[in-house]
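Okay, so the sequence shown: first residue is 1 according to the UniProt record's numbering, each after it adds one.
Glycine included, every Cβ here is placed at the ideal spot set by N, Cα and C.
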Amino acid sequence: MLLQTNVAFAVSSPIVSPASLASMYALTTSTILSAPTSTLAAPDAASYLGSNWGLSNGKIQNGISNLAFVDDPFPDSSSSSTNDTTSSPVLQVTYPAGSYSHDTGGAQFYALWNSSSNDAGLGGDWESMLLTYEVAFDTGFDWVKGGKLPGLRGGEDIYSCSGGEAANGTNCFSSRTMWRTDADGEVYAYVLESKKFCDSPNVICNDDGYGTSIDRGAFSFEAGAWNRVTMLVRLNNPVNQANGQVMLYYNNVQAIVLSNLQFRSSSNVNIGGLFFSTFFGGSDSSWATPNTTYTYFRDFQMWASTAASNGTVSSAVRLQLDQRGSVWCSWGIGLIALLYVISLYA
Numbered sequence: 001m002l003l004q005t006n007v008a009f010a011v012s013s014p015i016v017s018p019a020s021l022a023s024m025y026a027l028t029t030s031t032i033l034s035a036p037t038s039t040l041a042a043p044d045a046a047s048y049l050g051s052n053w054g055l056s057n058g059k060i061q062n063g064i065s066n067l068a069f070v071d072d073p074f075p076d077s078s079s080s081s082t083n084d085t086t087s088s089p090v091l092q093v094t095y096p097a098g099s100y101s102h103d104t105g106g107a108q109f110y111a112l113w114n115s116s117s118n119d120a121g122l123g124g125d126w127e128s129m130l131l132t133y134e135v136a137f138d139t140g141f142d143w144v145k146g147g148k149l150p151g152l153r154g155g156e157d158i159y160s161c162s163g164g165e166a167a168n169g170t171n172c173f174s175s176r177t178m179w180r181t182d183a184d185g186e187v188y189a190y191v192l193e194s195k196k197f198c199d200s201p202n203v204i205c206n207d208d209g210y211g212t213s214i215d216r217g218a219f220s221f222e223a224g225a226w227n228r229v230t231m232l233v234r235l236n237n238p239v240n241q242a243n244g245q246v247m248l249y250y251n252n253v254q255a256i257v258l259s260n261l262q263f264r265s266s267s268n269v270n271i272g273g274l275f276f277s278t279f280f281g282g283s284d285s286s287w288a289t290p291n292t293t294y295t296y297f298r299d300f301q302m303w304a305s306t307a308a309s310n311g312t313v314s315s316a317v318r319l320q321l322d323q324r325g326s327v328w329c330s331w332g333i334g335l336i337a338l339l340y341v342i343s344l345y346a
């Protein structure tokens, strides 16, 4: 009976809505990225995004022909225990067969929060930002070696911190989600890479200018259904300390927490907004999709604050971590008890 109780508890983790998480970190300013009331083919979809999503320099960087607003392909799917279904068209992204990198498939653009800065291509002065959205992959989606999904970015250089153009502390940073082989999920970030940071558990640094893999396999995506991704970034403060934070919630359940990042070495680097970046890859054909395939996106929302990280995790989030540790400790005790009972009758 003890084991049964603990196992049931172990598979049940706290559900935290994006709005609740924003409240925990006093992110009181919010914005919603709208969807059209009817379907739109390319290039009308790109025109809608340019008019309504506050794009940097007013344009899509890559993949205009790969963007369309379509009817929801999974209308009966919801990403969590909350009611996430919607009747609005969803943003479809096409990855042509053989494509890899943002130059050959998928799409990439930078949606700024502070639309008054769009002509300069820069965002506002946000120091903390939470992004949430839902993504769905085609039924039978071939994950190949991996690919990028949207996240956040900031800094005056709006083109680096992607594609092997490294973060140097004064130019920019980016923090995206990524899928890997067999649907494994992770945070993929362009940040400053110290030896101490790269020696951290579950951190994989690259020495070729490409981004850092954080907690690869901490969760798994599901094809043929809606998946909710919620990412919180809090910039390091002061700028010479590695106390920045990134958190990722998958379907409203905490999956990744890291609190020793240095996103910047200059106060000129702030968070600008949504980095919509999705493609297979990877920078060579070994990452290419063998078939033309699609992803779908909906329900983009952001919360923000001008307060940076103080190196601490919200007490409510810390309680979740403590509960998770207690859960698995109890599960382990129950398993040991079961093995002991089995040994008595062996």
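Asked, Found
"DSSP state of Phe74 mapped onto helix, strand, coil", "coil"
"First through last residue of the beta strand (DSSP E) which encompasses Ser213", "212-220"
"Coarse secondary structure for Gly106, derived from DSSP in three states", "coil"
"Neighbour-count burial assignment, residue 350, 16 or more Cβ in a 10 Å radius", "Because the chain is modelled from 1 through 346, residue 350 falls outside the range shown and cannot be assessed."
"Reduced DSSP secondary structure (H/G/I, E/B, other) of Ser283", "coil"
"Closest residue to Gly282 among Asn57, Gly140, Gln61, Gly164 (Cα-Cα distance)", "Gly164"
"Which residues DSSP lists as bridging Leu21, in chain order", "According to DSSP, which records beta bridges pairwise, Leu21 is partnered with nothing at all."
"N-terminal and C-terminal residue of the beta strand (DSSP E) that Leu149 is part of", "146-154"
"Inter-residue Cα distance where the pair is Gly103 and Ala26", "Looking at the sequence provided, one finds Asp at residue 103 rather than Gly. In a straight line, the C-alpha of Asp103 is about 38 Å away from that of Ala26."
"Backbone secondary structure at Leu3 - three-state DSSP", "Confidence at Leu3 is low in this model, with a pLDDT of 41, below 50, so the placement of that residue is unreliable and no value is reported for it."
"Start and end residues, beta strand (DSSP E) containing Asn52", "Where Asn52 is concerned, there is no enclosing beta strand (DSSP E), although the alpha helix (DSSP H) it sits in stretches over 44-52."
"DSSP three-state assignment for Ala111, whether helix, strand or coil", "strand"
"CB of Thr292 within 8 Å of CB of Tyr95, strictly", "yes"
"Residue range of the unbroken alpha helix (DSSP H) whose run includes Phe197", "195-198"
"Which of helix, strand or coil DSSP assigns to Thr181", "helix"
"Beta-carbon contacts of Phe300 that lie in its chain and below 6 Å, excluding the five residues immediately before and after", "Leu33, Tyr133"
"Ala111 vs Gly211 beta-carbon contact at 8 Å", "no"
"Cα-Cα separation between Tyr48 and Asn171, rounded to whole angstroms", "29 Å"
"Host beta strand (DSSP E) of Asn260 (start-end)", "253-261"
"Residue range of the beta strand (DSSP E) that includes Gly244", "244-250"
"Rounded separation between Ala304 and Asn237 - CA only", "16 Å"
"Beta-bridge pairing of Tyr188 - partner residues as DSSP gives them", "Arg176, Ser213"
"Backbone CA spacing between Met302 and Asp284 [nearest angstrom]", "33 Å"
"Distance between beta carbons of Val269 and Phe263, contact taken as under 8 Å", "7 Å"
"Outcome for Asn66 when other beta-carbon atoms lying within 10 angstroms are tallied against a minimum of 16", "buried"
"Thr37 versus Ser56 - alpha carbon distance", "24 Å"
"Rounded distance between the beta-carbons of Ser309 and Gln245, thought under 8 Å", "5 Å"
"The ligand ZN heavy atom lying under 7 Å from the CB of Glu127", "Looking at this structure, you won't find the ligand ZN or any other ligand, since it has none at all."
"Local conformation of Ile64 per DSSP, three classes", "helix"
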